[in-house]
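>
Residue numbers (the numbering used here): 1289 to 1440.
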């Protein structure tokens, strides 16, 4: 008689999250372009027309520190994304998601922090190896089409 054992819980780290998200965009959503670690993007996905950046977070302190990252010319990255700062030389995606680990999603305070500080951003979380669970879709940050130099 075989005894069924519950499989051990897999701790999902940031690299695993990136793989799940990149696979989701490439194979489920059939985006033509998907990569990780492109120009300080954790995951970059493009359908040929619009660019989506997905920033993976596995700790609340890392999430809050992301708000203080500078992009160019000493300005904060998210100031460019919100439209507060503008520059034709700074790559701003059309859509932006925060992707949270299961622990970060379940703590509640991380989702609340994103909704309060970054209301235009989407939120997804990773439960296991299947696909991300999207709990909030982003609003469009800009209507710029992706240039051929980025696609190349």
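Where a beta carbon is used, it is the ideal one built from N, C-alpha and C, also for glycine.
All values derive from a computational prediction rather than experimental measurement.
Using 8 angstroms as the threshold, is the stretch 1417-1433 in touch with the stretch 1372-1381, meaning 3 or more CB pairs across them?
Segments in contact, yes.
> CB-CB under 7 angstroms to residue 1409, same chain, minus the five flanking residues each way: which ones, in chain order?
1384, 1385, 1386, 1402 and 1426
> I need the boundaries of the alpha helix (DSSP H) containing residue 1349, first residue and last residue.
1348-1354
> Looking at residue 1411: is its Cβ nearer than 7 angstroms to the Cβ of residue 1420?
no
> Roughly how many angstroms lie between the CA atoms of residue 1438 and residue 1372, to the nearest whole one?
23 angstroms
> Tell me which residues share the same chain as residue 1442 and place their Cβ nearer than 6 angstroms to its Cβ, disregarding the 5 neighbours each side in the sequence.
Outside the shown range of the chain (1289 to 1440) lies residue 1442, about which nothing can therefore be said.
> Starting from the Cα of residue 1300, find the closest Cα among 1399, 1341 and 1388 and give me that residue.
1388
> Suppose contacts are defined by Cβ-Cβ distances below 7 angstroms. Is residue 1348 in contact with residue 1398 by that definition?
Yes, these two residues count as a Cβ contact at 7 angstroms.
> What's the call for residue 1342, buried or exposed, on a 16-neighbour Cβ count within 10 Å?
buried
> So residue 1326 and residue 1332 are in contact, right, with Cβ under 8 angstroms, and what is the actual spacing, rounded?
4 angstroms
> Which residue comes first and which comes last in the beta strand (DSSP E) that contains residue 1423?
Per DSSP, residue 1423 belongs to the beta strand (DSSP E) from 1421-1424.
> Rounded to the nearest angstrom, what separates residue 1250 and residue 1352 at their Cα positions?
Not covered by the structure: residue 1250. The range shown for the chain is 1289 to 1440.
> Give me, in chain order, the residues of the same chain whose beta-carbon lies closer than 8 angstroms to that of residue 1334; leave out the 5 immediate sequence neighbours on both sides.
Exclusion of the five residues before and after residue 1334 leaves 1319, 1320, 1321, 1322, 1340, 1434, 1438 and 1439 as the residues of its chain whose Cβ lies within less than 8 angstroms of its Cβ.
> Does DSSP put residue 1370 in a helix, in a strand, or in coil?
helix
> With a 10 Å radius around its C-beta and 16 neighbouring C-beta atoms as the bar for buried, classify residue 1345 as buried or exposed.
buried
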